[in-house]
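First residue of the sequence shown: 1, per the UniProt record's numbering; consecutive thereafter. Yeah, the Cβ is synthetic: ideal placement off N, Cα and C, and Gly gets one too.
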Amino acid sequence: FFVNNWKMPLKKTDGLATDSNPQQNHIGGDTRSSSAPSENDADLFYIQRIRTNSPPVVFLKTHRTGGSTVQNLLFRMGERDGATFAFPHHTYHFNYPQRFRAELVDKLPSGSSQYDILCSHMRLDVEQLKKVMSSNAIFITILREPVQTFESVFSYYSSSVPAFASAKKAKAETSGNKSALSVFLDSPQTFWDPKEFNNGLGKNPMSFDLGLNSRMWNSSWLADLTLLEEAFQLVMIAEHFDESLVLLGALLKLELEELAYVRLNSRSAKDITLLDEVTKVKIRTWNNLDVLLYDFFLQVFWEKAGQYGLERLRREVGLLRASTERIRQKCVAKSGVPPDQLEDLVRPSQIGSATILGHQVQRNLTKQDQGFCTRLVLHELQYHAHLYYQQYARDMGLAPTQ
Ligand SMILES: Nc1ncnc2c1ncn2[C@@H]1O[C@H](COP(=O)(O)OS(=O)(=O)O)[C@@H](OP(=O)(O)O)[C@H]1O
Numbered sequence: 001f002f003v004n005n006w007k008m009p010l011k012k013t014d015g016l017a018t019d020s021n022p023q024q025n026h027i028g029g030d031t032r033s034s035s036a037p038s039e040n041d042a043d044l045f046y047i048q049r050i051r052t053n054s055p056p057v058v059f060l061k062t063h064r065t066g067g068s069t070v071q072n073l074l075f076r077m078g079e080r081d082g083a084t085f086a087f088p089h090h091t092y093h094f095n096y097p098q099r100f101r102a103e104l105v106d107k108l109p110s111g112s113s114q115y116d117i118l119c120s121h122m123r124l125d126v127e128q129l130k131k132v133m134s135s136n137a138i139f140i141t142i143l144r145e146p147v148q149t150f151e152s153v154f155s156y157y158s159s160s161v162p163a164f165a166s167a168k169k170a171k172a173e174t175s176g177n178k179s180a181l182s183v184f185l186d187s188p189q190t191f192w193d194p195k196e197f198n199n200g201l202g203k204n205p206m207s208f209d210l211g212l213n214s215r216m217w218n219s220s221w222l223a224d225l226t227l228l229e230e231a232f233q234l235v236m237i238a239e240h241f242d243e244s245l246v247l248l249g250a251l252l253k254l255e256l257e258e259l260a261y262v263r264l265n266s267r268s269a270k271d272i273t274l275l276d277e278v279t280k281v282k283i284r285t286w287n288n289l290d291v292l293l294y295d296f297f298l299q300v301f302w303e304k305a306g307q308y309g310l311e312r313l314r315r316e317v318g319l320l321r322a323s324t325e326r327i328r329q330k331c332v333a334k335s336g337v338p339p340d341q342l343e344d345l346v347r348p349s350q351i352g353s354a355t356i357l358g359h360q361v362q363r364n365l366t367k368q369d370q371g372f373c374t375r376l377v378l379h380e381l382q383y384h385a386h387l388y389y390q391q392y393a394r395d396m397g398l399a400p401t402q
């Protein structure tokens, strides 16, 4: 799924330092260092952590919800700590849109006794995940407001989800000035065949990723939500990203300075459809299960925030924003940069139908800072390929059909 037009974006690790490939260190330092922390912000990047401090993590990376930004943070944390990643045998996802299965995970590398982090795209199956990850693993995911999610999913997957592609074709065949999204929403049932394997993201995409019955409400739906609530220690909310990160940091025992991020995988403005109220209502109606799902976990989120302490959360979000801003100033020369103006290493892959913007890294950094800052802005596919190579000393495989 979405893989046939994907090619390995880089040769091996293309410039990111690895233990197995030390000559390729021209981008800059290994993130692992034994230097003692000081009061300097920069040193906080390199705190050597003891792996056993952080519990194992499963991150369900839902589509177009801010998941790449969270995954990048987990990649950086894991790489620095020498974590073992549960990677798919092939590509950067677990045979999506099929459900996750334990046998899709590549073998444990020699010297590792367990997987520490699993965060590649998948469709959820909690029981199968429990076969791979130890019983103390923390399950997290992220949801985004359903109208924004669907608008982004439609735009990004308008060629690869058959229902969207048909609407796009229908729009091209008419002379009107309606957007493809409006054409789709006027009569979604005409374009959406529930039996079509690749139409999972075409309706209630977040419910689909969470393994729910995303086609229609049924009597077990609310019970299924409760099971999910029991399975996930944290469901992050994209609209409250920084609050979510503070709660994530508490679960993973991370300092606020370790939660710095830049927004990844943003579409160019030309690919964003502005929505009027009528269109928003149509999106909510078509994705009514995602609306239920989001509203349910939004409430759960604020209950968790209340247990953490709202005043404490507000204070820590302030500190997180301040330290993140310092790190961004240090690392990022320019954000919202079109792909043709970015170097290969930091250019987001353009496998979807929308243009994805990236970040330019500051020049004249120390080698070590350059290593950190490059990782901060690194897109999913490059970072995935790099970590896979580092873990197995071979390239990440292409999809078996290729
Ligand atoms: N921190 C934060 N807060 C809120 N929103 C964020 C954040 N980081 C990324 N984004 C937005 O999430 C969209 C990309 O999501 P994903 O990375 O999950 O996409 S993908 O499924 O991996 O392609 C993409 O949305 P659109 O630009 O609307 O498409 C990003 O802009």
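Are there any heavy atoms of ligand 1 lying less than 8 angstroms away from the beta-carbon of residue i, as far as the coordinates show?
i           : result
F164        : no
Q148        : yes
L387        : no
residue 403 : In the structure as shown, the chain starts at 1 and stops at 402, and residue 403 therefore has no counterpart that could be examined.
Could you check how far apart the C-beta atoms of residue i and residue j are, in whole angstroms? I think they sit under 8 angstroms.
i    : j    : result
N265 : P348 : 7 angstroms
F208 : L201 : 6 angstroms
L225 : L143 : Rounded, the Cβ-Cβ distance is 12 angstroms, inconsistent with contact.
T91  : M396 : 7 angstroms
S120 : F94  : 6 angstroms
L378 : V346 : 6 angstroms
I117 : P56  : 7 angstroms
L185 : T279 : 6 angstroms
Q114 : T84  : 7 angstroms
N204 : L289 : 4 angstroms
F197 : P97  : 7 angstroms
F87  : Q391 : 7 angstroms
H240 : F301 : 7 angstroms
L251 : I138 : 6 angstroms
Y156 : R326 : About 32 angstroms separates the two Cβ atoms, so there is no contact after all.
A102 : V132 : 5 angstroms
Could you name the residues that DSSP lists as bridge partners for residue i?
i           : result
V161        : None; V161 has no bridge partner.
H384        : Looking at the DSSP assignment, H384 forms no beta bridge with any residue, so it has no partner.
L143        : I237
L60         : T141
L118        : V58
I356        : R267
K334        : Q360
G397        : H90
F85         : I117
R312        : Paired residues: none, contrary to the question.
V132        : Its beta-bridge partners do not exist; DSSP assigns none.
V105        : P88
residue 403 : Any property of residue 403 remains undetermined from this structure, which presents the chain solely from 1 to 402.
To which residues of the same chain is residue i closer than 6 angstroms at the C-beta, ignoring the five residues directly before and after it?
i           : result
L60         : L124, T141
M236        : I142, S244
P188        : W286
G336        : L357
residue 423 : Residue 423 is absent from the structure shown; the chain starts at 1 and stops at 402.
G28         : Here the model assigns G28 a pLDDT of 40, short of 50, so the residue's position is not dependable, and the following value carries that caveat. Hits under 6 angstroms: K367, Q370, G371.
V291        : P146, R284
Please work out which residues of its chain come closer than 7 angstroms, Cβ to Cβ, to residue i, disregarding the five sequence neighbours upstream and downstream, and give them in chain order.
i    : result
E243 : A305, L313, V317
R263 : T69
Q71  : F59, K61, C119, E380
S158 : F164, A165, K168, A180, S353
R328 : V262
Give me, in chain order, the residues of the same chain whose beta-carbon lies closer than 8 angstroms to that of residue i; leave out the 5 immediate sequence neighbours on both sides.
i    : result
L256 : V246, G249, E316, L319, L320, S323
K270 : T355
N199 : V161, P162, A163, W192, D193
field: Nearest-residue set for ligand 1, Cβ under 5 angstroms from any heavy atom
entry: H63, R64, T65, G66, G67, S68, T69, S152, A238, F241, R263, N265, S266, R267
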